[in-house]
Structures are given as structure tokens and as C-alpha cells.
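Worksheet: the structure to be examined is printed underneath.
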Amino acid sequence: MRKPLSVSKRQEDTDVPLYDVSEVSYLIELSIGTPGQSVKVAVDTGSSELWVDPVCQTSQSLSEVEECIANGIYDPSQSDTSEDLNSTNTIPYGIGVVEIEYVSDNIAFPNSTINLTDVQFGVATASRQLNEGIMGLSFGGNTPEAVLRYNNIVDELYLQNATQSRAFSVALGSSDSDNDSVVIFGGIDTSKYAGPLRTLPILGPQNGETIYRYWVQLNSIGTTVDGSSHTYDNSSVPVVLDTGSTFCSLPRAVVNGMMEDLGGQINHQGQVLVDCSLVNNEGAFDFDFGNITISIPYSQFVLQANSEVCVLGAIPDDQIALLGDSFLRSAYVVFDQNNMEVAMAPYANCGQSEQRIPDGGVSGVKGRR
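Going by this note's numbering, the sequence shown opens with residue 1, and the numbers climb by one from there.
Have a look at this one:
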């Protein structure tokens, strides 16, 4: 049930496999401490901090407890290079919360030459509804209104010369593929997308916040079926690109329009239940960003909840709009903090062809397909 979102070091970039857990999260393997202790954590572009060791017994099911335990445990007392930083924090998420104690230690990415020293991160002392640690890849200590007062993993990769920029690319791969998910720190893979990369400026803080996230402007969402298209009302909104969310959170009017088009119905959890036969439908949802449109086939936007029930990859939310994995599996995305931009192209899988992210960004760099 896991697919590698990978890490391996090239001359000028670092690609790392991800492990997809039941279409819920994508995990990356780390080796922490001396000697190294293997731990898998979820890759999350919607948050900024790295922490490990969730309290597995608070997971919501036996299978989640088992998955949590299988992800590994880091024990700072068993590392010769760990240091207790005598500081604590509480981190709330959309679902779940964790209390952590900060430590610093060495972190390596297995099957690569990346070996970071004295990296600050959290070790959980209590957690609820979280069955895996998290590696936040959003902004660290390098913005005017920094969410953190220390350097996070993206900062450390750059400051310790593992990458030449605070930038990375993500290909989650399609929902029907088992092993093509990858994150590349400091680089891109031109075999993982079609056409040229198009850049979007990262917007400043939104929704009354003062911190930076990967906000970009979405112009519209529409659908195309049998050559006929229409656009949904209220679909021009700023959105956060968030690998840590399974679903897209979109304005209620948009989700209601999707539900009407697909003949779905909403359940008590806010999920839209749809007919599983839609995975064979040739229709698509079109996400228009102005200079790039990402079209997501119904087959990729309808998720199998169990053997009989399918759900739409979007839930209604009028407070915040974000694009989660149900969108990101159909896109190749470059997150570039140095140039304060996100680049995007339709996802493709045509092998492997990696290169360093240029100093001036990746605008116009063409995919091999």
C-alpha cells in the first residue's frame, strides 16, 4: 500500500522516493541520528515543521496503528549526535494535533549522499489523530513574517549545500500507478511532465494570516464532457498547494456544481459520494490558472473509499481553498522559494531526466513529452 516518493542524490539535485499510504499521504524515508534510525514521515507542503514519533495508540483504527508502528521510531537517547534544545511546541493540523520537544540531530536520506548535520526538528510527546510524523516543506525562517524562528528542512538543504536553491519539485503520480512518486530537492525531472513549465507568483499571506504559504491564484474550475464545457460559479480563488491533504477543499458552490454534474450526494462527513462507474467516464475537471490549465480526468478525481463506495476528490469549504493530492496527482509542480513562484505542467511519466533548477527559475523549461 506504499509507493516510493524517492530520495537519491545526483550531481546537482536530489530525488527521493515517496510511499503512498492508501491514497491518504506520501511518505519519505529518513535516517536520523548516529547510528542512523530509519523513520518514514509524510511529505507536507502545507506546513513547515519536521517532527517524528506520533503516539500510535491514538490512531483511529488497528490498521492505522500497525502502519504507524511500521513507520519506525526515533529515540534521541540512542543517538550519539542528538541534543535536547529545551524547547516545546504544539502544532495543530486540519485533523489532529501534536505536542513536541525540539531536538537537533543529523539527518540522512537513504540511498543518497545527503547528510545534514545539527538539524532542528520535533519529537512527539503526545499526539491525536495523527498516525505518521510529518516533514513540512513550506516556508521556514527565510521570510519577512517567518512562521518559524529556526531553519527548517528546506532551509537546511540549501544552507548545507545539498541543494543550490530553496526549491524542490513534486510528482505524486497517477492514482493507478505504484512506484512513480518522487520529490527532487533542488531539481526537476523533465520526463515527468508534458509541455513547458508555466510559473505562477506565490501570493502573499491570505485569509488574515501573516505567514507565507504556497498560495497561487486559481482563475476558474470547469468541466468538460463529450466536448461540452462549462465553468463553475465562485471558482476564482486563491488556493494553497498542499500535498498533506488527500482532498481538494473548494468553495461550496463549486463542489455543489461538481456534485450536480456527477449525480452525487453529500454524506455527514462532508464527502461527496459518487458512482464508481465514473472512473470509466472520459470527462474531466479543468483547473485554469491563466497561463496553464490542468485537466484532471474523472478517473483520477474519483477515489475508491471501499469496495462499493467512491468519493469525489473535493470537499466543500468556504473558509480556505486548497488543492490536495486529488489535484496534485495530475500535475508536476515546482515549489521555488528563491524566486517566490510555483511552476506547473500536466503530469506525465516518460522515464527519468533530471536537471538542476536554474538560478532564474524554470519558466518555459519543456518536458520531454
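Glycine residues also receive a C-beta, built at the ideal position from the N, C-alpha and C atoms.
query                                                                                                                                                                    : result
Check whether the segment 201 to 215 touches the segment 296 to 303, counting contact only when three or more Cβ pairs, one atom from each stretch, lie closer than 8 Å. : no
Fully enclosed by the segment 68 to 120, which beta strand (DSSP E) runs are 3 residues long or longer?                                                                  : 83 to 92 and 97 to 108
Taking the alpha helix (DSSP H) that R252 belongs to, which residues open and close that run?                                                                            : R252 to L262
For S191, I'd like the list of residues in its chain whose CB is within less than 8 Å of its CB, leaving aside the five on either flank, ordered along the chain.        : A348, N349, C350, G351, Q352, S353, G367, R368 and R369
Any heavy atom of the ligand ADP inside 7 Å of the beta-carbon of L323?                                                                                                  : Ligands displayed in this structure: none; no statement on the ligand ADP is therefore possible.
Tell me the DSSP secondary structure of C350 in three-state form.                                                                                                        : coil
Can you tell me which of the three DSSP states T190 falls into?                                                                                                          : helix
Look at the Cβ atom of Y74, then the Cβ atom of Q37, and state whether they are nearer than 8 Å.                                                                         : yes
Can you tell me whether DSSP reads F247 as helix, strand or coil?                                                                                                        : coil
Could you check the C-alpha separation between N280 and P54 for me, to the nearest Å?                                                                                    : 38 Å
List the whole-angstrom C-beta distance separating I32 from V39, where the pair is believed to meet the contact cut-off of C-beta under 8 Å.                             : 6 Å
I153 by DSSP, collapsed to three states: which one?                                                                                                                      : helix
Give me the residue from P316, S236 and G290 with the minimum Cα distance to H268.                                                                                       : P316
To the nearest angstrom, how far is the alpha carbon of S174 from that of S330?                                                                                          : 6 Å
Which residue comes first and which comes last in the alpha helix (DSSP H) that contains D325?                                                                           : D325 to L328
Using a threshold of 8 Å, state whether the C-beta atoms of L200 and F285 are closer than that.                                                                          : no
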